[in-house]
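Residue numbers (UniProt numbering): 1 to 255.
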């Protein structure tokens, strides 16, 4: 009870949750009842969103979905990772799986799922943010190679999609396998693809600003980059290390 109004004598009461009351036993019962209500709502919400989550995951982890072909850059990048694994005698499939997951699904797609306002002109409410966090966590668990042991004390967002994750994991494995079976992308085709992308988006970027950012990185790691270029056969043929040193020297004079 709050302090009564001295003029009218009206008593004002402030309602609190049971578990905030001194009676601990009553509080435990109230907390359990509230959690059961929320669990029912969680399951109902999951049922409503299930088709959309499935459709999202299926679209992301498909090499050809509804007429959209896999971008050449993804095949080229995954082949590069496999080549590096072979070069360093890494035959553990879990390592290769983790490399591919970390360079595309977990670096790019999780960010988009969690922050749709980065792509779309929308407002993300706190409730939407909480829901998307659950979807993003499920997405991350689907890309993991480790087994998730869940119990009654596990968080509800983990338990919610526990039965779906094995199916999602099989989609991820099939996706990586299908990409591995696709014909390799030659350097010429990749260069042509990049040139076409540059032409299509030529007016959308500030070239000088991009070059400045690249040069800042080169200036920081010039010695390591030059050393790597000198050890690479293709770079040696094009004398890239020498050309880079010339650029660095020229920029130093200009500055």
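From the three backbone atoms N, C-alpha and C, an ideal C-beta is built for every residue, glycine too. Values in this document were obtained by computation on a predicted structure and should not be read as measured data.
- [ ] Taking residue 156 as part of the alpha helix (DSSP H), name the residues at either end of that continuous run.
- [x] 156 to 160
TODO: Go through its chain and collect everything with a Cβ distance to residue 96's Cβ below 6 Å, but skip five positions before and after it.
DONE: 85
TODO: Check whether the Cβ atoms of residue 168 and residue 57 sit closer than 8 Å, and answer yes or no.
DONE: yes
TODO: Determine the direct distance from the alpha carbon of residue 43 to that of residue 110, and round the result to whole angstroms.
DONE: 23 Å
- [ ] Count the other CB atoms, across all protein chains shown, that sit within 10 Å of the CB of residue 119; report buried if there are 16 or more and exposed otherwise.
- [x] exposed
TODO: Enumerate, from N- to C-terminal direction, the unbroken beta strand (DSSP E) stretches of 3 or more residues contained entirely within the stretch 166 to 231.
DONE: none
- [ ] Buried or exposed for residue 127, please, with buried defined as at least 16 other CB atoms from any protein chain shown within 10 angstroms of its CB.
- [x] exposed
- [ ] Give the DSSP-derived three-state secondary structure of residue 126 in the structure shown.
- [x] helix
- [ ] Use the C-beta contact count for residue 100: other C-beta atoms within 10 angstroms, 16 or more gives buried, fewer gives exposed.
- [x] buried
Open item on the list: Could you check whether the stretch 68 to 83 touches the stretch 146 to 158, counting it as contact only if at least three pairs of C-beta atoms, one from each stretch, sit closer than 8 Å?
Closed with: Flag = no, the stretch 68 to 83 and the stretch 146 to 158 do not touch.
Task: Cα-Cα separation between residue 158 and residue 152, rounded to whole angstroms - done: 11 Å
TODO: Would you tell me roughly how many angstroms separate the C-alpha atoms of residue 98 and residue 193, rounded to the nearest one?
DONE: 27 Å
Task: For residue 26, the three-state DSSP class (helix, strand or coil) - done: Here the model assigns residue 26 a pLDDT of 48, short of 50, so the residue's position is not dependable, and the following value carries that caveat. Here residue 26 sits in helix by DSSP.
Open item on the list: Can you give me the C-alpha to C-alpha distance between residue 180 and residue 188, rounded to a whole angstrom?
Closed with: Going by the C-alpha atoms only, they are around 19 Å apart.
Task: Residue-chain proximity (residue 112, chain D), Cβ-Cβ < 8 Å - done: Judged by its chain identifiers, the structure shown contains no chain D, having just a single protein chain.
- [ ] List the endpoints of the continuous alpha helix (DSSP H) containing residue 118.
- [x] From DSSP, residue 118 is part of no alpha helix (DSSP H); its letter is neither H nor E.
Open item on the list: With H, G and I counted as helix, E and B as strand and the rest as coil, what does DSSP make of residue 133?
Closed with: Helix at residue 133.
TODO: Would you check if the distance between the CB atom of residue 172 and the CB atom of residue 61 is smaller than 8 Å?
DONE: yes
Task: Collapsed DSSP secondary structure at residue 8 in the structure displayed - done: coil
- [ ] Please go through the same chain and pick out, in chain order, the residues whose beta-carbon is closer than 7 Å to the beta-carbon of residue 184, but skip the five residues on each side of it.
- [x] Residues 79 of the same chain have their beta carbon placed closer than 7 Å to that of residue 184, with the five preceding and five following residues left out of the count.
TODO: Determine, using beta carbons only, whether residue 131 and residue 106 come nearer to each other than 8 Å.
DONE: no
Task: Coil, strand or helix - residue 14 by DSSP - done: coil
TODO: Reducing DSSP to helix, strand and coil, say where residue 101 ends up.
DONE: helix
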